[in-house]
Amino acid sequence: MTTARAAVDLDVTGPQISRHLYGHFAEHLGRCIYGGFWVGEDSPIPNERGIRLDVVEALRAIRIPNLRWPGGCFADEYHWRDGVGPRAERPTMVNTNWGDVVEDNAFGTHEFMDLCEMLGADPYVNGNVGSGTVQEMSEWVEYLTRSGDSPMARLRRANGRDEPWRVPFWGLGNEAWGCGGNMTPEYYTSLARRYATFCKEHDGNRLVRIAAGASDADLRWTHTLMASATSSNTPEPQASPFQAISFHYYTHAGTGIQKESATAFSREEFLRTVAHAADIERVVSAHEAVMDSYDPDRVIGLVCDEWGTWWNVEPGTNPGFLFQQNTMRDALVAGLHFDVFHRHAARMRMANIAQTLNVLQAMILTDDEGGMVLTPTYHVYEMNAGHQDALSVPAHVVAAPVVTIDDVELGALSLSASTTDGAALISLTHVGVDEALPVEIDLRGRTARATRARVLTGVDATAHNTPETPDAVSPVPLEASVEGGILRLTLPPVSFATVELALE
Ligand code: AHR
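Residue 1 is where the sequence shown starts when you use the UniProt record's numbering, and the numbers rise one by one after that.
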């Protein structure tokens, strides 16, 4: 067994890892909202005001910092007034993007804000640019955030909520290059400026307005948005009508989304998947380089508000509902993404996995009888929670085995680290499939004690949790010790681990 060597500079603190990099996304899609979060007040499944309680409790344990809603593609056909007022009187609509099903608007603005309060998460509301008006978006902001007397504040009160809410994050449409309106970057950028202008900051509610940007590394979007953010009438990025730019990055094994099984895959597909996931570093770096050229002080944030794996739906389920299983492979994809997000914390302000429940790379899979399964990805969020708002520190792989798939070469080990209050957290992702990997991490002269180490692994990369075997993949203790300034541990094949250190 070759030993991997790495180094972590615990005294060289870098930027804060925003907790919002651990954000979530819940769309009106399949069983994420309906049958996921929302079971309705009359359901036999334990709920509070219609919101499923076991799900809330499990998500509170991973401290979800923000929740994006109502889409995705759905956001650009959603009209918020349909989802307020007495439920029995709310109009219906067709969810044309996801299953062509009838949406009854039972879950609307008040239900979403109630959910955020129960989760302790900040709301990230995604407005409708594709098919909604500027006035409609402007009034939604007013409805949510204005106190005192105003037409929308009065309407909110008539619907049962006296106090305004705080809404820190506001999305200006979604995937404008596709389902959000098939626009050009130039056309969308003008619209984003205009819509953002009318999203007002009522009564001290500070808004981070997020412009919808690229798919993957389509840098035309970032260039066009950044050029506009720093254009002649707003030369300083501080004056930009939007404060952040998003991009989306989905992972698959190379042949495309909805073409590959979530649970039955070859060794080659596994390796291609983790290579694709690790490649988000190239994409983030490319967007950053463009942003740096316009905004060297990093005023405008970069947000990846949709990321994760996209597999075939589980056999027998609605193809429009995107319900997929979640294996150790997905957990490693999450581990690799977080390492990249931590390394780029200076520019990256937020990331939202798609999606929280029952859709794509979910944390939790629920059933209609009240059952619930935590996925391997859930455990990565729980094990990594200590990075939220901690200070990133440099972590380097010095030497490690390399896995090769035809044209692709990938290091078997990835890691990242942070410190806070005399403690440190190191996360390690091992994508080697054949052998355990002994690891030695040089703590660069810092004296430390390992207080807790855990590892997430399974029989192989396809291991996953089901109602019958809910703990097939769940964290277990891992042996780790520090001697002479070197942290030593051994990672099983296909594993994700965290080590907590007390710094002395
Ligand atoms: O997350 C599922 C969909 O993927 C979202 O609605 C859309 O924005 C993206 O294409």
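Beta carbons: idealized from backbone N, C-alpha and C, even for Gly.
Legend entry - Proximity of G23 and F107 at Cβ, strictly below 9 Å: Locating residue 23 in the sequence shown gives position 23, where the first residue counts as 1. Locating residue 107 in the sequence shown gives position 107, where the first residue counts as 1. Not a contact, by the Cβ cut-off of 9 Å.
Inset, instruction - Give a yes or no on contact between the region 255 to 273 and the region 454 to 467, applying the rule of three or more CB pairs nearer than 8 Å. - result: yes
Legend entry - Chain-order list of residues whose beta-carbon lies under 8 Å from that of A424 (same chain, five-residue window excluded): Translated into positions along the sequence shown, residue 424 becomes position 424. Hits under 8 Å: V8, L10, V393, A417, S418, A448, E500, L501 and L503.
Inset, instruction - Would you decide whether A158 is buried or exposed? Buried here means 16 or more other CB atoms lie within 10 Å of its CB. - result: Numbered from 1 along the sequence shown, position 158 holds the residue referred to as residue 158. A158 should be labelled exposed.
Inset, instruction - Determine the extent of the beta strand (DSSP E) in which G301 is found, giving its start and end residues. - result: Reading the sequence shown from its first residue, position 301 is the one you call residue 301. Unbroken beta strand (DSSP E) run through G301: G301 to T309.
Inset, instruction - Output the distance between the C-alpha atoms of T420 and V455, rounded to the nearest integer angstrom. - result: The sequence position of residue 420 within the sequence shown is 420, counting from 1. The sequence position of residue 455 within the sequence shown is 455, counting from 1. T420 and V455: Cα-Cα distance of roughly 22 Å.
Inset, instruction - Let me know the beta strand (DSSP E) ranges lying completely inside the region 397 to 422, each 3 residues or longer, listed in chain order. - result: 402 to 405, 408 to 411 and 413 to 420
Inset, instruction - Taking only runs that begin and end inside the region 120 to 204, name each unbroken alpha helix (DSSP H) of 4 or more residues, in chain order. - result: 134 to 145, 151 to 158 and 185 to 197
Inset, instruction - Compute the minimum distance between the beta carbon of F74 and the heavy atoms of the ligand AHR, and state whether it is under 8 Å. - result: The residue labelled residue 74 in the question sits at position 74 within the sequence shown. F74 Cβ: within cutoff of the ligand AHR.
Inset, instruction - Would you check if the distance between the CB atom of A244 and the CB atom of V303 is smaller than 9 Å? - result: Numbered from 1 along the sequence shown, position 244 holds the residue referred to as residue 244. Numbered from 1 along the sequence shown, position 303 holds the residue referred to as residue 303. Yes. Within cutoff.
Legend entry - Proximity of A214 and H287 at Cβ, strictly below 9 Å: Here residue 214 refers to the residue found at position 214 of the sequence shown. Here residue 287 refers to the residue found at position 287 of the sequence shown. The answer is yes: Cβ separation under 9 Å.
Inset, instruction - Can you check DSSP and say which residues form a bridge with V94? - result: Looking up residue 94 in the sequence shown gives position 94. V94 pairs with V102.
Legend entry - DSSP beta-bridge partners of F242: As a position in the sequence shown, residue 242 is number 242, starting the count at 1. F242 is not bridged to any residue.
Inset, instruction - Quick one: give me the first and last residue of the beta strand (DSSP E) that D460 is part of. - result: Within the sequence shown, residue 460 is the residue found at index 460, counting from 1. Taken as a continuous stretch (DSSP letters only), D460 belongs to no beta strand (DSSP E), as it is neither H nor E.
Inset, instruction - Return the residue from the list Q16, M152, G35 and G71 that minimises the CA-CA distance to R81. - result: For the purposes of this step, residue 81 is taken as residue 81 along the sequence shown, with counting starting at 1. For R81, the nearest C-alpha among the options comes from M152.
Legend entry - Terminal residues of the alpha helix (DSSP H) in which V373 lies: Position 373 of the sequence shown, counting from 1, holds the residue named residue 373. No alpha helix (DSSP H) holds V373; the beta strand (DSSP E) holding it covers M372 to L374.
Inset, instruction - Identify which residue in I300, T317, A278 and T230 has its Cα closest to the Cα of Q258. - result: Residue numbering aside, residue 258 sits at position 258 when the sequence shown is read from its first letter. Selected option, being the one with the closest Cα: T317.
Inset, instruction - With DSSP as the reference, label L478 as helix, strand or coil. - result: Here residue 478 refers to the residue found at position 478 when the sequence shown is read from its first residue. Three-state DSSP puts L478 in coil, outside helix and strand.
Legend entry - Segment limits, beta strand (DSSP E) that includes W210: As a first step, residue 210 must be located in the sequence shown, where it is residue number 210. At residue 210 the sequence reads Ile, which differs from the Trp that was named. Where I210 is concerned, the enclosing beta strand (DSSP E) stretches over V208 to S215.
Inset, instruction - Would you be able to state if there are at least three C-beta pairs under 8 Å between the region 307 to 326 and the region 95 to 103? - result: yes
Inset, instruction - Could you tell me the distance, in whole angstroms, from the CA atom of L391 to the CA atom of G14? - result: As a first step, residue 391 must be located in the sequence shown, where it is residue number 391. As a first step, residue 14 must be located in the sequence shown, where it is residue number 14. Straight-line Cα distance between these residues: approximately 6 Å.
Inset, instruction - Could you spell out where the beta strand (DSSP E) holding I33 opens and where it closes? - result: Position 33 of the sequence shown holds residue 33. From DSSP, I33 is part of no beta strand (DSSP E); its letter is neither H nor E.
Inset, instruction - Assign T429 to buried or exposed, taking buried as 16 or more other Cβ atoms, counted over all protein chains shown, within 10 Å of its Cβ. - result: If you number the sequence shown from 1, residue 429 lands on position 429. Classification for T429: buried.
Inset, instruction - Flag this pair as touching only if the region 118 to 129 and the region 51 to 69 have three or more C-beta atom pairs under 8 Å; answer yes or no. - result: yes
Inset, instruction - May I ask you to check if the CB of N97 is nearer than 8 Å to at least one heavy atom of the ligand AHR? - result: Counting from one through the sequence shown, the residue named residue 97 turns up at place 97. Yes, Cβ of N97 sits closer than 8 Å to a heavy atom of the ligand AHR.
Legend entry - the region 291 to 311 touching the region 346 to 357, judged by at least three CB pairs closer than 8 Å: yes
Inset, instruction - Would you identify the three-state DSSP class for N66, choosing helix, strand or coil? - result: If you number the sequence shown from 1, residue 66 lands on position 66. Strand, per DSSP.
Legend entry - Any non-hydrogen atom of the ligand AHR closer than 8 Å to G320 Cβ: Position 320 of the sequence shown, counted from the start, is the residue given in the question as residue 320. Because no heavy atom of the ligand AHR lies under 8 Å away, the Cβ of G320 does not count as near it: no.
Legend entry - Distance CB(E369)-CB(W311) smaller than 9 Å: Numbered from its first residue, the sequence shown carries residue 369 at position 369. Numbered from its first residue, the sequence shown carries residue 311 at position 311. No, Cβ-Cβ distance for E369 and W311 is not below 9 Å.
Inset, instruction - Could you check which residue in G130, T3, A331 and M348 has the C-alpha nearest to that of M383? - result: Within the sequence shown, numbered from 1, the residue matching residue 383 stands at position 383. For M383, the nearest C-alpha among the options comes from A331.
Inset, instruction - May I ask whether a heavy atom of the ligand AHR can be found less than 8 Å away from the beta carbon of E306? - result: To locate residue 306, count along the sequence shown from 1; it is residue 306. For the ligand AHR, at least one heavy atom lies less than 8 Å from the Cβ of E306.
Inset, instruction - Just tell me which of L219, T327, P493 and P467 has its CA closest to the CA of E435. - result: Taking the first residue of the sequence shown as position 1, residue 435 is located at position 435. Checked all of L219, T327, P493 and P467; the closest Cα to E435 is P493.
Legend entry - Y378 burial status per 10 Å Cβ neighbour count (16 or more: buried): The count along the sequence shown starts at 1 and reaches residue 378 at position 378. Classification of Y378: buried, given that the 10 Å Cβ count is 16 or more.
Legend entry - Beta-carbon proximity check, L21 vs R282, cutoff 9 Å: Locating residue 21 in the sequence shown gives position 21, counting from the first residue. Locating residue 282 in the sequence shown gives position 282, counting from the first residue. No, they are not a contact pair.
Inset, instruction - For H337, collect the residues of the same chain with a Cβ closer than 7 Å to its Cβ; drop the 5 residues on either side in sequence, then sort them by chain order. - result: Residue numbering aside, residue 337 sits at position 337 when the sequence shown is read from its first letter. Counting only Cβ-Cβ distances below 7 Å, and skipping sequence neighbours, we find A277, I280 and W307.
Legend entry - Near the ligand AHR: H24 beta-carbon under 8 Å from a heavy atom: Position 24 of the sequence shown, counting from 1, holds the residue named residue 24. Checking the Cβ of H24 against the ligand AHR gives no.
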